[in-house]
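In terms of UniProt numbering, the sequence shown opens at residue 1 and continues consecutively. By construction, the Cβ of each residue, glycine as well, lies at the ideal position given by its N, Cα and C atoms.
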Amino acid sequence: MRVLVIGAGLVGTQVGARLRELGHEVAGTTTTPAKVDGLREQLDEVLVLRGSDREAVEAAMVGRDAVVVAAGPSAQRAMTPEDRAASYREILVDTAESVIGAGGTPYLVALSSLSVYGNAADHLPEVTEDSPVTDSTDPSPTMFLAMEKTYLDGAGDRTCVFRCGDIFGAEDPPIEAKIAMAHQYLGGSVPFSADALFYRLAVEDAVDAIVHALESRITGVHNLTHAEVPPTNQTLFDAISADQGLPALVYRDEIASPTKPISVARLTAAGFVAGRSYAL
């Protein structure tokens, strides 16, 4: 199988390397020329392009059997509504429009976020893929939902969308370091809701889920996280702050997330379970 991975970052690099180990031909993309040499050690081909460059994406997709879209906004550009507005449209929606506009019939896997539910399903006992999604105007859920719609409307019968928990692992800073940085660089103020459940996803589970999707060709929307019910943002983050001798965080409630358990039954029925993701 010839696979294009758009976004050779935390997830994309590892999924590309895994697919290559499995005997597939893998090309990955980056927006940073300085990363090309390092990525060539893990991928068969490395392309420098932006997902918003439709001609470049179309050329990269020629002859591909599958496309994995792992590009996502960086945390550093997501801490204020202004930052999110500036980056999410290009990285999520423009890339989706480029992929769909390129034509062809490759199988597509795209990574979305559990933030699309916001607090719209908090009246339910659990949040499933059929639960209502948020009507928040914040750029985070708005752009993730627009991205999903682009893929599902344009190629629904060959598209798998994973709504993911907070992805961690590999070279990503541990949660303790992120909490310290929130105090140091953001004045102890974060855009999240205090009472939202902090669902996580180990990068290895993300990779395994993508490989499973490529091998089994599952389609539609699937929640991708651990089955265990985690602590709330406030419970976990403030405990970590206290351990570091730092005050409690301020929660601005700009990006709401579910306060009720997330169901992963649909993905379990499709043959995949995220087994590592609850480790903190």
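What residue from the options has the CA that sits closest to residue i's CA?
i: leucine 47; options: Glu228, Thr29 and Pro33; result: Thr29
i: glycine 271; options: Pro258, Val116, His222 and Leu152; result: His222
i: proline 174; options: Thr232, Ile240 and His24; result: Ile240
i: alanine 66; options: Pro247, Arg252, Val211 and Lys260; result: Val211
i: proline 132; options: Ser257, Leu224, Arg2 and Leu152; result: Ser257
i: glycine 101; options: Asp153, Thr13 and Val15; result: Asp153
i: glycine 245; options: Arg54, Glu176 and Val203; result: Glu176
i: glutamine 42; options: Lys178, Val250 and Ala17; result: Ala17
i: threonine 268; options: Lys178, Asp166, Phe162 and Asp243; result: Phe162
i: methionine 1; options: Gln14, Val68, Gly7 and Val11; result: Val68
i: glutamate 204; options: Asp53, Asp243, Val11 and Pro81; result: Val11
May I have the straight-line CA-CA distance separating residue i from residue j, to the nearest angstrom?
i: alanine 121; j: leucine 19; result: 36 Å
i: leucine 114; j: arginine 217; result: 22 Å
i: glutamate 148; j: serine 112; result: 7 Å
i: valine 36; j: glycine 9; result: 12 Å
i: threonine 128; j: methionine 181; result: 33 Å
i: residue 299; j: tyrosine 107; result: Outside the displayed range of the chain (1 to 280) lies residue 299, so it cannot be described from this structure.
i: arginine 276; j: aspartate 208; result: 11 Å
i: alanine 202; j: glycine 169; result: 6 Å
i: alanine 274; j: leucine 224; result: 7 Å
i: phenylalanine 192; j: valine 99; result: 30 Å
i: valine 3; j: glutamate 171; result: 24 Å
i: alanine 248; j: serine 189; result: 9 Å
i: alanine 70; j: isoleucine 167; result: 11 Å
i: leucine 145; j: lysine 178; result: 26 Å
i: threonine 13; j: glycine 187; result: 32 Å
i: valine 15; j: threonine 219; result: 19 Å
i: glutamate 215; j: glycine 63; result: 18 Å
i: arginine 158; j: aspartate 243; result: 47 Å
i: arginine 40; j: alanine 56; result: 19 Å
i: valine 5; j: alanine 265; result: 27 Å
i: glycine 156; j: aspartate 130; result: 16 Å
Under three-state DSSP, which class holds residue i?
i: alanine 227; result: coil
i: isoleucine 100; result: helix
i: serine 189; result: strand
i: asparagine 264; result: Per the sequence shown, the amino acid found at residue 264 is valine instead of asparagine. Residue state, collapsed to three classes: coil.
i: phenylalanine 144; result: helix
i: valine 250; result: strand
i: histidine 222; result: strand
i: threonine 105; result: coil
i: serine 235; result: Checking the sequence shown, residue 235 turns out to be threonine, not serine. DSSP places threonine 235 in helix when its eight states are reduced to three.
i: alanine 196; result: coil
i: glycine 45; result: Correcting the residue type first, residue 45 is glutamate in the shown sequence and not glycine. Strand, per DSSP.
i: aspartate 166; result: strand
i: leucine 4; result: strand
i: glutamate 25; result: strand
i: alanine 206; result: helix
i: threonine 13; result: helix
i: valine 93; result: helix
i: serine 113; result: strand
i: valine 211; result: helix
My assumption, with CB atoms under 8 Å, is that residue i sits in contact with residue j. Please give the rounded CB distance.
i: threonine 95; j: glycine 51; result: 3 Å
i: alanine 227; j: cysteine 164; result: About 14 Å; that fails the 8 Å criterion.
i: glutamate 58; j: aspartate 44; result: Going by Cβ atoms, the distance from glutamate 58 to aspartate 44 rounds to 20 Å, so no, they are not a contact pair.
i: glycine 104; j: methionine 61; result: 6 Å
i: aspartate 138; j: proline 73; result: Not a contact, Cβ separation roughly 13 Å.
Who are the near neighbours of residue i in its chain, counting only those whose CB is closer than 8 Å to its CB and skipping five residues on each side?
i: threonine 31; result: Val48, Leu49 and Arg50
i: proline 230; result: Leu197, Phe198, Tyr199, Arg200, Leu236 and Tyr278
i: tyrosine 185; result: none
i: alanine 194; result: Thr232, Asn233, Gln234, Tyr251 and Asp253
Can you name, in chain order, every residue of its own chain whose Cβ lies under 7 Å from the Cβ of residue i, other than the five neighbours on each side?
i: alanine 213; result: Val109 and Cys160
i: methionine 143; result: Tyr88, Arg89, Leu92 and Val93
i: lysine 260; result: Ala121, Asp122, Leu124, Pro125, Glu126 and Val127
i: serine 263; result: Glu126, Val127, Thr128 and Asn223
i: glutamate 97; result: Thr150
i: tyrosine 54; result: Reading the sequence as shown, one finds arginine at residue 54 and not tyrosine. Counting only Cβ-Cβ distances below 7 Å, and skipping sequence neighbours, we find Ser98 and Gly101.
i: proline 33; result: Val48
Taking 6 Å as the limit between beta carbons, can you name the residues of its chain near residue i, skipping five residues before and five after?
i: serine 140; result: Arg84, Ser115 and Ile255
i: glycine 118; result: Thr134, Ser136, Pro141 and Ala256
Could you tell me whether any non-hydrogen atom of the ligand MN is closer than 7 Å to the CB of residue i?
i: serine 136; result: The ligand MN is not among the ligands present in this structure, which contains no ligands whatsoever.
Strictly under 8 Å for the Cβ-Cβ distance: is residue i near chain B by that measure?
i: glycine 275; result: The structure shown has no chain B; it contains just one protein chain.
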